[in-house]
Amino acid sequence: VTTSFLSLDSYDPLVHQDPATLQPFFVTAQQVLFEAGGFLRQFLVDDKGCVFIAMWGMPSFTYANNSSRALFFAASVRVKATELGHKVSIGITTGNVFCGTIGAPERRDYAGIGNEVNFAARLMGKAKGRILLDKTTVNNLPSSTQQQLTLVETMSLKGMEQPVTPFSYESKEIPRIAAVDENQGYSTNLRKQVKAILSAQMDKVANDDTIS
Numbered sequence: 109v110t111t112s113f114l115s116l117d118s119y120d121p122l123v124h125q126d127p128a129t130l131q132p133f134f135v136t137a138q139q140v141l142f143e144a145g146g147f148l149r150q151f152l153v154d155d156k157g158c159v160f161i162a163m164w165g166m167p168s169f170t171y172a173n174n175s176s177r178a179l180f181f182a183a184s185v186r187v188k189a190t191e192l193g194h195k196v197s198i199g200i201t202t203g204n205v206f207c208g209t210i211g212a213p214e215r216r217d218y219a220g221i222g223n224e225v226n227f228a229a230r231l232m233g234k235a236k237g238r239i240l241l242d243k244t245t246v247n248n249l250p251s252s253t254q255q256q257l258t259l260v261e262t263m264s265l266k267g268m269e270q271p272v273t274p275f276s277y278e279s280k281e282i283p284r285i286a287a288v289d290e291n292q293g294y295s296t297n298l299r300k301q302v303k304a305i306l307s308a309q310m311d312k313v314a315n316d317d318t319i320s
């Protein structure tokens, strides 16, 4: 799953006391997310600010080029947010995530939960107006897009055992949603990851004595 956490840095609880004032941004972000084929996990406004969470890789929202779609979304929203007079900070990560319903039958939600989701939130908090991506996401981008990325400062993030050095997408150009077969290394890397996951699951099934 590729997860994108977006902070609306220009959100001001005094200026935006009426939630309707955020509607233009919310509608714009939804339109771009639809174009990018992503899943809207949550649009949250609380005492910590305003956050838009999107995911690729959930059932019915998964593609071979999830990372490319997430970066397209981030770059597009940043441009459109600026046109609306807003500023955003975005963190993007890719990894294994639990996807499913949480909560009681009377009140439940569909969510993606895992360390990689938390990682995206931490990168968002450090972005300060940038688009920050983890190494796994970058590895799943076409080489032409990777060349537009820049390594930034090493960061110590809450919940992370080791410091990390993310990448930043600084270009004002909106990258295309690249096809997976445009870069052999890109598609090969994805196949290796999928094979590793399938192999681990098959080993688990083969060693499960409860299966007859």
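Take any residue in the sequence shown, note its place counting from 1, add 108, and you have its number in my numbering.
C-beta atoms are modelled at their ideal positions from N, C-alpha and C, and glycine is treated no differently.
Per-residue DSSP class, three states only, for residue i
i: Ser251; result: helix
i: Thr258; result: strand
i: Arg149; result: strand
i: Ala208; result: Note on identity: in this sequence residue 208 is Gly, with Ala being the wrong assignment. Residue state, collapsed to three classes: strand.
i: Ala286; result: coil
i: Ser276; result: strand
i: Val123; result: coil
i: Ala128; result: helix
i: Gln292; result: Confidence in Gln292 is poor, its pLDDT being 46 and thus under 50, which makes the residue's placement too unreliable to answer from.
i: Arg216; result: strand
8 Å contact criterion, which residue i and residue j should meet: CB distance rounded
i: Ile200; j: Thr110; result: 7 Å
i: Phe133; j: Leu179; result: No, Phe133 and Leu179 are not in contact; Cβ-Cβ is about 20 Å, not under 8 Å.
i: Ala144; j: Ile282; result: Wrong, their Cβ atoms sit about 11 Å apart, outside the cutoff.
i: Ser197; j: Ala235; result: 4 Å
i: Gly146; j: Arg177; result: 6 Å
i: Ser276; j: Leu249; result: With 8 Å as the limit, Ser276 and Leu249 do not qualify as a contact, their Cβ atoms being about 13 Å apart.
i: Gly237; j: Gly222; result: The Cβ separation is near 26 Å, so there is no contact.
i: Lys195; j: Thr136; result: Actually they are not in contact, since the Cβ atoms of Lys195 and Thr136 sit about 14 Å apart, beyond 8 Å.
i: Val159; j: Leu114; result: 7 Å
i: Phe206; j: Ser112; result: That belief does not hold up - the Cβ atoms of Phe206 and Ser112 are roughly 18 Å apart, past 8 Å.
i: Thr258; j: Ala286; result: Going by Cβ atoms, the distance from Thr258 to Ala286 rounds to 19 Å, so no, they are not a contact pair.
Span of the beta strand (DSSP E), counted from its first residue to its last, around residue i
i: Phe169; result: Segment: none, Phe169 is in no beta strand (DSSP E) and carries neither H nor E.
i: Leu116; result: 110 to 116
i: Val88; result: Because residue 88 is not part of the residues shown, which for the chain are 109 to 320, the question remains open.
i: Ala162; result: 157 to 164
Host alpha helix (DSSP H) of residue i (start-end)
i: Arg230; result: 223 to 235
i: Leu241; result: No alpha helix (DSSP H) holds Leu241; the beta strand (DSSP E) holding it covers 239 to 241.
i: Glu191; result: 174 to 191
Subject >> Inter-stretch contact at 8 Å, needing at least 3 Cβ pairs: the region 259 to 279 / the region 225 to 240 >> reply: The region 259 to 279 vs the region 225 to 240: in contact.
Subject >> Cβ contact check for the region 241 to 251 and the region 204 to 217: 3 or more pairs under 8 Å >> reply: Flag = no, the region 241 to 251 and the region 204 to 217 do not touch.
Subject >> Inter-stretch contact at 8 Å, needing at least 3 Cβ pairs: the region 201 to 210 / the region 118 to 125 >> reply: no
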